[in-house]
Amino acid sequence: MSGTLRKLGVIAIRFGQQLAVRVFGRQLGKQLPSKVVTAGRVIVHARTIRPKGIISRQIWRAMRLQGMTAARAASMGLWRNGQHRPGRERQALGFLGLHHQRHNQGVVERIRDLFGNNFRYNPAAKQDTFPNGLDGYEIGSNIAVGCHAAVYEARLAKPFRQRSRGFYDLLEEGGGRDRQKLFPLAVKLMFNYDFSMPETYLWNDMSAELVPMISNQRIPKGYIRSFRPLPKSHPNVVKIHTAFVDSMPLLRGAELLYPEALPNPDFYECGLPEPKTLFLVMKRYRMTLREYMLTCKRNYWNSRVMFGQLLEAMVYLFEHQVSHRDLKSDNILVDFNIEDEAPHLVVSDFGCCLSTGTFRVRYPHDNIDLGGNLAMRPPEIRLARPGPDVVLDFSKSDLWAAATLGYEMFTRENPFYSKLKSYEYSESDLPDLPKRVPGVIKMLISRILRINPDERPDPRTAADVVALSLFRFGENVVEFISSCGIGLHSALSKKELWTRLDCLTSLYAAETMLAHRLESGIVSSAELQLRATFLSRFDNSHVWEALSQYFLLPAAFQLNGFGANHYTTPVQQEQGDLAS
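If you number the sequence shown the way the working numbering does, the last residue is 1258 and the count never jumps.
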């Protein structure tokens, strides 16, 4: 066992050196000229360029002390079992940033803590406070209008902006003409077609929209009956900062965009109280996924990062027994600074969601709400017929819809919008994905789109497959996993297998931490966030299922197109995109 772990340490050293050469054009720890004197003479001191960051410095130190690093990696098993390791053994784990005072914690628990709560690696964990009234915001132009709401660009009003300087540091100074920076918020105005109803009606009738709200303490107690909000924010679920009821304003373009939702003159003549409606304040995103597909160049690596983020959102909703029930490219928002980078993706518009604490819904008659968008309803919901004993299960419905959006990300076309119907398709009817899409992703999407929901993978396993496919350690994920002694035919006990998976997790975490120190563009911020989300919920059982069912396949099966092309680097992807 110690020999295998020592080998992992050597692999880590080689990986770091390769990465340094690719990024910086030189190996770490090389001596450089420090002073130039007359006549072109150079005096070289025995001085090395040391990284400034703590993590980078520890990795640099590990590169210089290669033999010691391999030995330290071999000692990880003792530390993992909770035994106290003084001195050098503690320092060995310091280079991974995983040493912790509580020795009864394992590697996986420490990694979850690090990537779940540390703002450096998980910036989505930060929260800000926002005013609870329309007078606390400056409203800009209209962004979008739907059947139930209108969305406007917004920012904090000046008095609140001065109090929240951290949120508005350089918006006006560096915003220029980029309205995304000048107006970083979006206010969603819900249409209230019955202004005579009391305020409690607004909160209760529109409660589904509030499911992803960060803090539900601002919702008046007793105003919402069957309401189970998500316990905390998630990087791939739309960030709703606050919600409040206020007077219905006449905003720019309202009379042309949604005249039917405005109170008419007769309402005021009746002497009724001032008309009010519900407002949601959320982070502003650049565009919808649909708009992104129509305007931005296709990049298979970026599409994989987006698909991984979508599956992470599905995992979070699944674990809290929430079903969105209206997934489509118009309800997925993306954000990015430059077009070529992988965008940050979030799921939005929870108006049709099921959030009652269970995925099961009785279906005695047709008046039961089954969510929106018929085309994206999975077979088990679309084929259901009402009856006194009929109970529908929505636990795998969002996952199915997410796989159809995977097609849209990789091909720019969703087969269930036109060619196929969810109530009558055959699995053999599914169109082929492009050759440059990794084999494990092809297999994953085909399995998620199984007609029988019991044959679909667990959402957590599905998300793990995409996250692991982004692993850059070496040149081939399968070969690297095999070199760790992890395989379908390995004679390992469960304890030994879990130990090696812990080592794999540590290396994945180290790679992610190192990527944070690289210059921007090497690893996109969206991918770093995806990695942090994956590591914050890491579970050996689901990771092993992902490895055994998708990566560690028989060679003949791989050669038939599922596993042979599972790994490509972003550079290889970009070259392939340009060639196509």
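Cβ atoms here follow ideal geometry from the backbone N, Cα and C, with glycine treated the same way. Predicted, not measured: the structure shown is a model, and the values here were computed from it.
Notebook entry, point to check: Ends of the beta strand (DSSP E) at I1119?
Noted result: Looking at the DSSP string, I1119 is not in any beta strand (DSSP E); the run it does join, the alpha helix (DSSP H), is G1117 to I1126.
Next item on the list: Within its chain, find whatever has a CB closer than 7 Å to the CB of Q858; leave out the 5 residues flanking it on each side and keep chain order.
Entry: R962 and R964
Check: Under the rule that 16 or more other beta-carbon atoms within 10 Å means buried, what is K1279, buried or exposed?
Finding: No information on residue 1279 is available, as it lies outside the stretch 679 to 1258 that the chain covers here.
Next item on the list: Please say whether R788 and L1213 have beta carbons closer to each other than 8 Å?
Entry: no
Notebook entry, point to check: Which stretch, first to last residue, makes up the alpha helix (DSSP H) that contains N1218?
Noted result: Boundaries of the alpha helix (DSSP H) harbouring N1218: N1218 to A1224, taken from the DSSP string.
Notebook entry, point to check: In whole angstroms, what separates the C-alpha of L792 from that of L1061?
Noted result: 45 Å
Check: Y963 by DSSP, collapsed to three states: which one?
Finding: coil
Margin query: I need the DSSP call for E1087, collapsed to helix, strand or coil.
Written below: It should be noted that the sequence gives Met, not Glu, for residue 1087. Helix.
Check: Alpha carbon to alpha carbon, how far is D1018 from F1216?
Finding: 29 Å
Next item on the list: Taking all protein chains shown into account, decide if L934 is buried (16 or more other Cβ within 10 angstroms of its Cβ) or exposed.
Entry: exposed
Next item on the list: Have a look at T1034 and F1158 and give me their C-alpha separation to the nearest angstrom.
Entry: For T1034 and F1158, the distance between alpha carbons rounds to 44 Å.
Check: In this structure, does DSSP put T1139 in helix, strand or coil?
Finding: helix
Next item on the list: Note the first and the last residue of the continuous alpha helix (DSSP H) segment covering I1059.
Entry: P1057 to R1060
Next item on the list: For N1009, name the three-state secondary structure that DSSP assigns.
Entry: helix
Note to self: Need the endpoints of the alpha helix (DSSP H) that L1179 sits in, please.
What the structure shows: K1172 to H1194
Notebook entry, point to check: When the distance is taken between beta carbons, is H912 closer than 8 Å to Q1207?
Noted result: Contact: no.
Next item on the list: Could you tell me which of I918, T807 and Y1085 sits nearest to I1123, measuring between CA atoms?
Entry: When each option's Cα is compared against that of I1123, the closest is Y1085.
Next item on the list: Counting only the same chain and skipping the five closest in sequence on each side, list residues whose C-beta sits under 7 Å from that of G853.
Entry: Because G853 sits at a pLDDT of 46, beneath the cut-off of 50, its placement in the model cannot be relied upon, and the point is left open.
Note to self: Let me make sure I understand the geometry here. Which of K1113, L972, P953 and V1025 has the alpha-carbon closest to that of G986?
What the structure shows: V1025
Note to self: Can you tell me whether K917 is buried or exposed? The criterion is at least 16 other CB atoms within 10 Å of its CB, across all chains shown.
What the structure shows: By the neighbour-count rule (16 or more Cβ atoms within 10 Å), K917 is buried.
Next item on the list: Report the partner residues of K954 according to the DSSP bridge assignment.
Entry: Answer by DSSP bridge pairing, in chain order: S925.
Notebook entry, point to check: Which partner residues does H919 have in the DSSP bridge list?
Noted result: According to the DSSP secondary-structure assignment, H919 is paired through a beta bridge with no residue.
Check: Which one of F1014, K1006, D1008 and A1020 has the shortest CA to CA distance from M984?
Finding: A1020
Notebook entry, point to check: Are F1037 and D1071 touching if we call contact CB-CB under 8 Å?
Noted result: yes
Check: So, helix, strand or coil for L1146, using DSSP?
Finding: helix
Margin query: Taking the alpha-carbon of E1189 as reference, which of R1178, E1205 and E1174 has the nearest alpha-carbon?
Written below: It is E1205.
Notebook entry, point to check: Any beta-carbon of chain B closer than 8 Å to the one on L988?
Noted result: The chain labelled as chain B is not found in the depicted structure, where only one protein chain is given.
Note to self: Which of the three DSSP states is assigned to D856 in this structure?
What the structure shows: coil
Checklist line | C-beta contact flag for N882 and A991 at 8 Å | finding: no
Next item on the list: May I ask you to report which of helix, strand or coil DSSP gives K866?
Entry: strand
Next item on the list: Report buried or exposed for I1046, applying the criterion of at least 16 other Cβ atoms within 10 angstroms of its Cβ.
Entry: exposed
Next item on the list: On a CA-only basis, which of P876, P1109 and P907 is nearest V1000? Give me that one, please.
Entry: P907
Notebook entry, point to check: Taking just the CA atoms, how far does S1106 sit from L863?
Noted result: Those two C-alpha atoms are separated by around 44 Å.
Next item on the list: Give the straight-line distance between the Cα atoms of Y815 and L1011, rounded to the nearest whole angstrom.
Entry: 22 Å
Next item on the list: Return yes when the Cβ of F1088 is within less than 8 Å of the Cβ of L1111, no when it is not.
Entry: yes
Notebook entry, point to check: DSSP beta-bridge partners for R1040?
Noted result: V1069
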